[in-house]
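Here the sequence shown stands for residues 59 to 368, numbered as in the numbering used here. Heads up, the beta-carbon is just placed ideally off N, CA and C, and yes, glycines get one too. Predicted, not measured: the structure shown is a model, and the values here were computed from it. Single-structure report; data block below.
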Amino acid sequence: MKVSQQQNYKSILYLLITVAGWGIMYPASKHAVSSGIDGYYLTCIRYVPGALLVSLVLIIHEGKQSFRTENKTLQLWFFGSIGFAGLNFFTFIGIGFSSAEHATIILALMPLLSLILFSIIHRILPDFRTIICMLMAFTGIVLVISDGNFNHLLASSSFIGDILLLTATVCWVIYTYFANTMISKYDWSALRITALSSSLGMLTIIAITMIATLLGYAGRPEMKAILASRLDIFILIITALVIISWNAGIKGLGAVNGILFVNLVPVISSVIGIFQGHKISVVEMCGMAITLVALVLNNIFMRNNQQTND
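So, in structure tokens, the structure goes:
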């Protein structure tokens, strides 16, 4: 097996680990918000310990010298704030106004938004087959979320929440592109870019939470809410670490192809729903199948392109 093929399989595994973590994260975050922890403090509770853990892993694995920003502090802070503060604040606040169904379908727009960003920056469209796979995957997700009832999907009464969720997705697309660019340009490891950007983004998260509290937009959660959400909080902190595997997977497959895996997140959430007693309809099963086929086909195309280039 060629080294490039082995690297592709590793990257695919990294991204599968990431989407599995995110698939667990959404039900946990929804329950935590419903239990009385607002989006500001939930973001703080999740990413302050998460950023510290990732930084500790970096120091242990690569040494203290890797924790230096090398005159790139402003870049790392800016994009770390967009990625970690932007994604989580807008997601956790937006899901309070909107619904879990809308949150997952808007997250599934990430591949298409990434395609738009890539096209704007490079003025080059990705391979036509990749575009078709993205559209297939998105179609599958629409079926999973709507269960074929498109009128219910489009008749939204939570416009503000949906706008916030869309903004969160745009933030993560921008961060993913930035992280992939820095990894390639400066030959940094995925662990290093994750630790440095999340640590600096953590400062923004703390600052925004403090300001929101002083202005009355956020409130410290009661102990009752924290105890009721203790498992959710544990899940959210642990899944914060999957950003390492996300950046590693994106490094191997590229931002446009890697982001296609995001379409698996709502599928995984549906599987969790099965174990919670939710019945999966035939339409939902068809949607899952379409999404999985799109991912498999795109990976086959990538592998064929790699062999042609070699």
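Would you mind reading off the limits of the alpha helix (DSSP H) that contains residue i?
i      : result
Phe147 : 145-155
Trp304 : 300-311
Lys282 : 281-286
Leu261 : 248-272
Phe136 : 131-138
Quick one: measure Cβ to Cβ for residue i and residue j, integer angstroms, because I've assumed they're closer than 8 Å.
i      : j      : result
Ile75  : Val300 : 6 Å
Ser328 : Val202 : 6 Å
Gly259 : Gly141 : 6 Å
Ile95  : Ala283 : 5 Å
Gly144 : Ala226 : 7 Å
Met346 : Gly198 : 7 Å
Leu318 : Ala161 : About 19 Å separates the two Cβ atoms, so there is no contact after all.
Tyr67  : Gly307 : Not really, about 11 Å apart at Cβ, beyond 8 Å.
Tyr105 : Pro279 : Not confirmed; about 15 Å, so no contact.
Val326 : Val77  : First, the amino acid is wrong: residue 326 is Ile here, not Val. With 8 Å as the limit, Ile326 and Val77 qualify as a contact, their Cβ atoms being about 6 Å apart.
Leu223 : Ile263 : The pair is not a contact, with the Cβ atoms about 18 Å apart (cut-off 8 Å).
Leu171 : Ser177 : Incorrect: roughly 11 Å between the Cβ atoms, too far for contact.
Ser113 : Ser257 : 5 Å
Phe137 : Phe236 : 4 Å
Is there a C-beta anywhere in chain B that falls below 8 Å from the one on residue i?
i      : result
Tyr233 : Chain labels in this structure do not include chain B; a single protein chain is all it has.
Closest to residue i by C-alpha separation, out of the options, would be which residue?
i      : options                        : result
Leu193 : Ile332, Pro169, Leu322, Thr127 : Pro169
Val320 : Ser247, Pro107, Tyr84          : Tyr84
Asn146 : Tyr233, Glu342, Met343, Ala306 : Tyr233
Ala86  : Gly259, Gly277, Ser287         : Ser287
Thr252 : Ser124, Ala265, Ser177         : Ser124
Met108 : Phe155, Met281, Thr297, Leu165 : The amino acid occupying residue 108 in the given sequence is Gly; Met does not appear at that position. The option with the nearest alpha carbon to Gly108 is Thr297.
Thr188 : Val341, Pro324, Val112, Gly312 : Gly312
Asp290 : Ile82, Lys68, Cys102           : Ile82
Ala130 : Asn207, Glu120, Leu254, Gly154 : Correcting the residue identity first, residue 130 is Lys in this sequence and not Ala. Nearest of Asn207, Glu120, Leu254, Gly154 to Lys130, Cα basis: Leu254.
Ser62  : Cys229, Leu223, Gly310         : Gly310
His89  : Ala270, Gly154, Asp220, Ser303 : Gly154
Gly97  : Cys344, Thr267, Val351, Leu173 : Thr267
Leu353 : Cys344, Gly316, Ile326         : Gly316
Ile302 : Leu132, Gly219, Leu111         : Leu111
Phe186 : Phe292, Gln65, Leu173          : Leu173
Leu285 : Leu167, Asn356, Trp246, Ser93  : Ser93
Met343 : Asn362, Cys229, Leu322, Gly138 : Leu322
Ser69  : Leu355, Val351, Ile330, Trp304 : Trp304
Cys229 : Ser139, Ser113, Glu128         : Ser139
Leu355 : Tyr235, Cys191, Ser339         : Cys191
Ile295 : Cys102, Val91, His180, Asn362  : Cys102
Val91  : Pro324, Ser156, Ile332         : Ser156
Pro324 : Met281, Ser204, Trp246         : Ser204
Asp245 : Gly79, Gln64, Glu128           : Glu128
Ala49  : Phe333, Trp80, Ala270, Ile269  : Missing from the structure shown is residue 49; the chain here goes from 59 to 368 and no further.
Lys122 : Gln65, Arg250, Phe333, Val351  : Arg250
Leu132 : Leu261, Met281, Val351         : Leu261
Phe208 : Val351, Leu350, Val341, Phe292 : Val341
Legend entry - Inter-stretch contact (C-beta, 8 Å, three-pair minimum) for the segment 236-247 and the segment 142-152: no
Legend entry - Length at least 4, wholly inside the segment 88-124: the alpha helix (DSSP H) runs in chain order: 97-120
Legend entry - Contained alpha helix (DSSP H) runs [length at least 4] in the segment 171-227, N- to C-terminal order: 186-204, 208-212
Legend entry - Secondary structure, alpha helix (DSSP H): runs of 4+ residues fully inside the segment 320-355: 322-333
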